[in-house]
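Input: a single structure, listed below in structure tokens.
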Amino acid sequence: MRDCEQAEDWMAIREASLAGDDVDGNKVDALIKKHEDFNRAITLQEVKIQSLMANADKLLEADHYDANAIEAKRGEVLNRWTHLKNAMIDNRSRLGDVQTLQAFIRDADEMELWINEKMQFTMDEPYKDPTTNIQAKHQKHQAFEAELAANAERLQGILAAGQRLKQKNQCMGQESAVEERIAKLANQWDNLVNRSHEKSEKLQEANRQAAYNAGIKDIEFWLGEMETSLVSPDHGRDSASVDSLLSKHQSFPDRCYYLDVVVGLAYRDEATELYWLEQPFLKVLPCQTSQLKSDKSKTNKPKVRRRSRTADCTEV
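The sequence shown begins at 1 in the UniProt record's numbering and counts up by one.
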């Protein structure tokens, strides 16, 4: 009986400890550490309880005079021991639920902070500045989109963790808060991805616009040279100079083809893709292309006459 009393005293202390453990998220790690110590103590005490039960069985088998009291105490101690172990398991389960919930909240907070930081990047609008290095900005944004793709799996993992909390009833009474957090995080991610795609499209258009502007400058320079050449009275002084002039004129069709491509690009983009770029410099596209067409037309007729005269010089 003395051994039974000692076992009950030991269990009473542990029962009080479990009852006094308030599962507070702020100290869950400390409570888990305490539970691990408790679990080791239970394992050691299990040996003593088994020995106590074995001694009681021997007394009962020997028809002890106080067999009824021994059997009653034996059952009482065993029931109390079983209840204590079950309470310990329940406590560990609650601690695990709190820890899992905390992990979800922490991961969601970090993801939300990351999304907000990346959203600031998408708010930058370098395509509205015609002096910026669009190609470099476009390459930087491509790297940004690759980073988004790499973090998509991380987001899905957090959302899945939240869903598991709901399915396993591990929300600790915060089901509505968890559900709202899942929806909010998914919505923030969708907004970020959509904003990134919009910026990517605009950067691509601005990149094409930059290429068009570069082509315009190149052609304008060449047309100026060609106009000067066409009005020049120099038809060649000898065979070598005449051949040089003919070679320059023979390159004219290739340049005109390039001009047609640039003009076609301008009209296509102006009509279908660049309408949303409300930038002053884009409004000059029709004027630029019209001017290029006019310059090209002005060089065609003199070019035919000059080529004829140059060819005549070659025959002479």
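No residue lacks a Cβ here, since even glycine has one placed at the ideal position from N, Cα and C.
Is it true that the CB of residue j sits closer than 8 Å to the CB of residue i?
i, j, result
"Thr78", "Ala67", "The displayed chain sequence assigns Leu, not Thr, to residue 78. No. Outside cutoff."
"Ser196", "Thr100", "no"
"Leu185", "Ile216", "no"
"Leu44", "Ala7", "no"
"Leu95", "Leu31", "yes"
"Arg164", "Leu84", "no"
"Ser93", "Glu145", "no"
"Phe104", "Ala160", "no"
"Ala87", "Leu18", "yes"
Starting from residue i and walking both ways along the alpha helix (DSSP H), at which residues does that stretch end?
i, result
"Ala72", "67-123"
"Lys128", "Lys128 -> no alpha helix (DSSP H), and no H or E assigned at all."
"Asn151", "134-167"
Could you give the DSSP three-state label for residue i: helix, strand or coil?
i, result
"Lys27", "helix"
"Met172", "coil"
"Ala62", "coil"
"Thr43", "helix"
"Phe38", "helix"
"Gln204", "helix"
"Glu5", "helix"
"Glu278", "Summary for Glu278: the model assigns pLDDT 41, below 50, so the residue's position carries little reliability; its value from the coordinates is reported in the next sentence. Three-state DSSP puts Glu278 in coil, outside helix and strand."
Classify residue i: buried if its beta carbon has 16 or more other beta carbons within 10 angstroms, exposed otherwise.
i, result
"Arg181", "buried"
"Met11", "buried"
"Glu205", "buried"
"Phe221", "exposed"
"Ile134", "buried"
"Val178", "buried"
"His141", "buried"
"Lys212", "The amino acid at residue 212 is misidentified as Lys; the sequence shows Tyr. That one is buried."
"Leu155", "buried"
"Trp50", "Reading off the sequence, residue 50 comes out as Gln, not Trp. Burial call: exposed."
"Asn91", "buried"
"Ala56", "buried"
Assuming residue i and residue j make a contact with CB atoms under 8 Å, what is their CB distance in whole Å?
i, j, result
"Gly138", "Asn207", "Looking at the sequence provided, one finds His at residue 138 rather than Gly. Rounded, the Cβ-Cβ distance is 5 Å, consistent with contact."
"Lys166", "Glu153", "About 21 Å; that fails the 8 Å criterion."
"Met172", "Asp97", "6 Å"
"Gln188", "Ile89", "With a Cβ gap of about 38 Å, Gln188 and Ile89 do not count as contacting."
"Leu203", "Met119", "About 17 Å; that fails the 8 Å criterion."
"Lys48", "Cys4", "Wrong, their Cβ atoms sit about 11 Å apart, outside the cutoff."
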